[in-house]
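A quick write-up on the structure given underneath.
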Amino acid sequence: MALITKAIKGTQDVLPADSHKNQFIESTVLEIASEFGFKEIRTPVFEHTELFTRSVGDTTDVVQKEMYTFDDKGGRSITLRPEGTAGAARAFLEHGLQNEPMPQKVSYLTSCYRYEKPQAGRLREFHQFGIECYGAESPAADAEVISVGNEVFGFLGIDRIRLEINSIGCPTCRKEYQTALKAYFESRKDELCPTCLERLDRNPMRILDCKSPICHEIAAGAPIILDYLCDDCREHFEEVKKYLEEMNISYEVNPHIVRGLDYYTRTVFEFVTDSLGAQAAVCAGGRYDGLIEEIGGSHVPALGFGMGIERLLLLLEAQGIELPEAKKCDIYIANIGKNASYKAAALATELRQSGMSAQFDVVGRSLKAQMKYADKINARYTTVLGDDDIASGIAKVKNMETGETTEINLEDFADSFMDLSLQSAASELQNLVSDDKSVDISKFLGGIM
RNA sequence: GUGGGUAUAGCUUAGUUGGUUAAAGCGCCAGUUUGUGGCACUGGAGACCGUCGGUUCGAAUCCGACUAUCCACCCCA
Numbered sequence: 012m013a014l015i016t017k018a019i020k021g022t023q024d025v026l027p028a029d030s031h032k033n034q035f036i037e038s039t040v041l042e043i044a045s046e047f048g049f050k051e052i053r054t055p056v057f058e059h060t061e062l063f064t065r066s067v068g069d070t071t072d073v074v075q076k077e078m079y080t081f082d083d084k085g086g087r088s089i090t091l092r093p094e095g096t097a098g099a100a101r102a103f104l105e106h107g108l109q110n111e112p113m114p115q116k117v118s119y120l121t122s123c124y125r126y127e128k129p130q131a132g133r134l135r136e137f138h139q140f141g142i143e144c145y146g147a148e149s150p151a152a153d154a155e156v157i158s159v160g161n162e163v164f165g166f167l168g169i170d171r172i173r174l175e176i177n178s179i180g181c182p183t184c185r186k187e188y189q190t191a192l193k194a195y196f197e198s199r200k201d202e203l204c205p206t207c208l209e210r211l212d213r214n215p216m217r218i219l220d221c222k223s224p225i226c227h228e229i230a231a232g233a234p235i236i237l238d239y240l241c242d243d244c245r246e247h248f249e250e251v252k253k254y255l256e257e258m259n260i261s262y263e264v265n266p267h268i269v270r271g272l273d274y275y276t277r278t279v280f281e282f283v284t285d286s287l288g289a290q291a292a293v294c295a296g297g298r299y300d301g302l303i304e305e306i307g308g309s310h311v312p313a314l315g316f317g318m319g320i321e322r323l324l325l326l327l328e329a330q331g332i333e334l335p336e337a338k339k340c341d342i343y344i345a346n347i348g349k350n351a352s353y354k355a356a357a358l359a360t361e362l363r364q365s366g367m368s369a370q371f372d373v374v375g376r377s378l379k380a381q382m383k384y385a386d387k388i389n390a391r392y393t394t395v396l397g398d399d400d401i402a403s404g405i406a407k408v409k410n411m412e413t414g415e416t417t418e419i420n421l422e423d424f425a426d427s428f429m430d431l432s433l434q435s436a437a438s439e440l441q442n443l444v445s446d447d448k449s450v451d452i453s454k455f456l457g458g459i460m
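Counting in the numbering used here, the first sequence runs from 12 upward without gaps.
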């Protein structure tokens, strides 16, 4: 296929048949976040490259080999954001949000870009839902951020997902730990896999989550960071767990969680699933108390998470969870002849102004073909307009599901049709509720409203 | 960046040991007389068989390279 008719490697189109799923997810997560007081922030797709090298860390894989970086025409080094935290932090500082009442809580839906080799659940352009909470040192904030993620999965009906948490301490206690860890791995140097051998110098903590069986086994006997936490960090971690328990959120402590972004401190967490192949982490984040200072602000403790939208969608599919259907067309106006076409256009306009979704034939097809089309687009009602109907002033409206027809006066068509439509929606809802009490009403409403 | 699988209509796939105009189902368009969809039937459009090169009288089929895509490593959401 010619290059110009081929999407860039690792990018994906969302087609009209599927976009309602994205829309549903997006509005759902934003809504849930807002219940917790997180308000949406929107930042640019690109930033100065230095923002990411400073925050994400210039020894990380993300910065070293995955960023889309280029010089613009003014000679600035620009980078397409590889994650959402840095841009939000930059905006927080730039607009002096530290002078607003604390905590500041923001949420976002962004596209992110990483030059990686694509595979299941891993794209070069992907989308993240994220939240950030600034100015809260307390472990209660950690638990609250985690609970937002928990709420999203709960609301969507996802099970077989577990929360793993860990603390990687503050720079002071982590240093001590890393020394001990390095000493341990040095002692078993000749057994490590080649990649871990490299990691030994760069970041020995990464060896902890290596998947190779030998390294995994060696890592099992390695010193555990939790034993090296300073009193403050240990206390903080204990409190986070306490809050999670109070909030009824189950978790597992996994001392081997190591995040690949340098800015994390203390609490780190991942929501992981085994229904997604190698890309197990659907949502991950943690605390980053040093980040705001690192990019030039004062000391502002903060934390947040990112959730992969594509992975979330994959997960929903893997677990057979149905999302609400796209909004149907309320009424399709079939028309015969030029005159009727004019009338149909006017009627459709009137119906839309009353808040209904209305369509009419714009192709010039036969009546039969128009009816077929109405069926294909899942129209709830159809009406046929011809010279006779216009002359008599009465249109027959057909319920496409039951086949029943109702006569409606063309004079006040929009109002009468709305009554009819609401009545049938109400009775459908009634049936649904009495049929099955467990049905999520909001899903149904999403389908018809 | 490393390894493995795959590549035939919009989609899912047939295509024998290389042998004329590459097949089917779904989908799309139209028709089965007069103004009412779903079912059925009929017809139609739609494929440079991923690309380039090689072997051969002859390649969708065999060989090579490239590209794309999928999966795993790595990394991460």
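Backbone N, C-alpha and C define an ideal beta-carbon position, used for all residues, glycine too.
Identity of the residues DSSP links to residue i by a beta bridge
i      : result
Thr121 : Gln139
Asn177 : Val279
Leu91  : Phe57
Gly315 : Glu143, Gly297
Gly29  : First, the residue type needs correcting, since residue 29 is Asp and not Gly in the sequence shown. None; Asp29 has no bridge partner.
Gly82  : For the record, residue 82 in the displayed sequence is Asp; it is not Gly. DSSP output for Asp82 lists Ser88 as bridge partner(s).
Tyr343 : Gln370, Thr393
Glu263 : Glu175
Ala292 : Val283
Glu418 : Lys407
Arg133 : Gln130
Glu51  : Ser118
Cβ-based burial, residue i [other Cβ within 10 Å; buried from 16]
i      : result
Leu433 : exposed
Val373 : exposed
Arg171 : exposed
Phe280 : buried
Ser45  : exposed
Lys50  : exposed
Ala97  : buried
Glu42  : exposed
Lys20  : exposed
Phe81  : exposed
Lys448 : Because the pLDDT at Lys448 is just 45, under 50, the model does not fix this residue reliably, and the value given afterwards should be weighed accordingly. So Lys448 ends up on the exposed side.
Arg277 : buried
Thr284 : buried
Pro55  : exposed
Same chain only: Cβ atoms within 6 angstroms of residue i, ignoring 5 sequence neighbours per side
i      : result
Leu104 : Gly308
Ile342 : Ala369, Tyr392
Glu187 : Tyr239
Leu255 : Ala154, Tyr262
Cys184 : Tyr239, Leu240, Cys241, Cys244
Ala337 : His31
Own chain residues within Cβ distance below 8 angstroms of residue i, not counting five before or after
i      : result
Glu415 : Lys409
Asn346 : Ser352, Lys354, Ala355, Phe371, Asp372, Gln381, Val395, Leu396, Gly397
Gly331 : none
Gln5   : Because the chain spans 12 through 460 in this model, residue 5 falls outside it and cannot be assessed.
Ala18  : Asp24
Tyr274 : Ser66, Val67, Gly68, Thr96, Tyr299, Gly301, Leu302, Glu305
Cβ separation of residue i and residue j, assumed to be a contact under 8 angstroms, to the nearest whole Å
i      : j      : result
Thr71  : Leu272 : 6 angstroms
Arg92  : Thr121 : 7 angstroms
Ser178 : Ile236 : 7 angstroms
Tyr126 : Met78  : 7 angstroms
Met318 : Val269 : Contact flag wrong, Cβ pair sits at about 19 angstroms.
Residues near residue i by beta carbon distance below 7 angstroms, same chain, minus five either side
i      : result
Arg199 : Ile229
Gln115 : Phe103, Leu108, Tyr145, Gly146
Cys207 : Ile218, Cys221, Cys226
Leu325 : Gly132, Leu287
With contact counted as at least three CB pairs below 8 angstroms, one residue from each stretch, are the stretch 349 to 361 and the stretch 191 to 198 in contact?
Because the criterion of three Cβ pairs below 8 angstroms is not met, the stretch 349 to 361 and the stretch 191 to 198 do not touch.
Stretch-stretch touch, CB-based, cutoff 8 angstroms, three pairs: the stretch 125 to 137 with the stretch 158 to 168
Per the Cβ contact rule, the stretch 125 to 137 is not in contact with the stretch 158 to 168 (fewer than 3 Cβ pairs under 8 angstroms).
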